Structure formats: structure tokens, C-alpha cells
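Participant: Using my numbering, the letters of the sequence shown map in sequence onto residues 72 to 161. One structure is given below, represented as C-alpha cells, and several questions about it will come after.
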Amino acid sequence: MVFRNDINGLRAFAVISVVLFHFNSNWMPGGFAGVDVFFVISGFLMTGIIFKGIESDRFSIIRFYISRANRIVPALALLCFVLLFLVGSI
72 MVFRNDINGL
82 RAFAVISVVL
92 FHFNSNWMPG
102 GFAGVDVFFV
112 ISGFLMTGII
122 FKGIESDRFS
132 IIRFYISRAN
142 RIVPALALLC
152 FVLLFLVGSI
């Protein structure tokens, strides 16, 4: 899939709006809608990956989930270890 700057910009807007909302809800009223925007973008990208795989007759649900896990699990593991260290030191 080709990298798209427009989609990356929407992602950035969604994340920034949520972060600002959590810092102070008066700074970005309705910033929680950034979560919805992020989910829609993710769904769009995942659907594109699935359809491209189906069209080229190379789609595998197992490979799809493994690629998602390879992308998400390292960051999740790092976050869990950092939180364990921080909470353990309190």
C-alpha cells in the first residue's frame, strides 16, 4: 500500500485532539471524537489491505493477524514493562 500523507495528517489530527482533550477539555471540546476518526481511518486501511490481498489471491487471515500483532505487540510489551517499573517503584 502506498504511503498517504493525507491519511497520516488525519491520524495526527485525531491523536492531537484526543491528547489535548485529556490535558484540558476546554482546549479541545469534543476532542474525544478523534478516537472515532482514528478508528475509521484504521478500518479504511485494514479494509484496503484485505481487499488488495483478496484481489491478488494472496490473502491469509493468519498472516493478516500475525502482521497486526508484529506491529502492536512490541509497543504494548514496552508500555507494560515501563508501567510495571513505574508502579513497582511507588
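Every residue, glycine too, gets a C-beta built ideally from N, C-alpha and C. On a predicted model such as this, the values are computed, not experimentally measured, just so you know.
Helix, strand or coil for V153? Go by DSSP, reduced to three states.
Facilitator: Note: V153 maps to helix in three-state DSSP.
Participant: Identify whether F128 lies in helix, strand or coil by the three-state DSSP scheme.
Facilitator: Inspection of the sequence shows that residue 128 is occupied by Asp rather than by Phe. Residue state, collapsed to three classes: coil.
Participant: I need the straight-line Cα distance from S96 to G102, nearest angstrom please.
Facilitator: C-alpha separation (whole angstroms): 8 Å.
Participant: Let me check understanding here. Comparing Cα to Cα, which of A83, I120, P100 and F74 lies closest to R134?
Facilitator: Ranking the options by Cα distance to R134, first place goes to I120.
Participant: May I ask which residues mark the beginning and end of the alpha helix (DSSP H) holding F103?
Facilitator: Looking at the DSSP string, F103 is not in any alpha helix (DSSP H), and its letter there is neither H nor E.
Participant: Are the beta-carbon atoms of F109 and R82 separated by less than 9 Å?
Facilitator: Yes, these two residues count as a Cβ contact at 9 Å.
Participant: Among M99, Y136 and A85, which one has its Cα closest to the Cα of V111?
Facilitator: Closest option to V111, Cα to Cα, is A85.
Participant: Report yes if the C-beta distance between G114 and V89 is below 9 Å; otherwise report no.
Facilitator: No.
Participant: Taking the straight line between their C-alpha atoms, what separation do you get for V144 and M117?
Facilitator: Straight-line Cα distance between these residues: approximately 17 Å.
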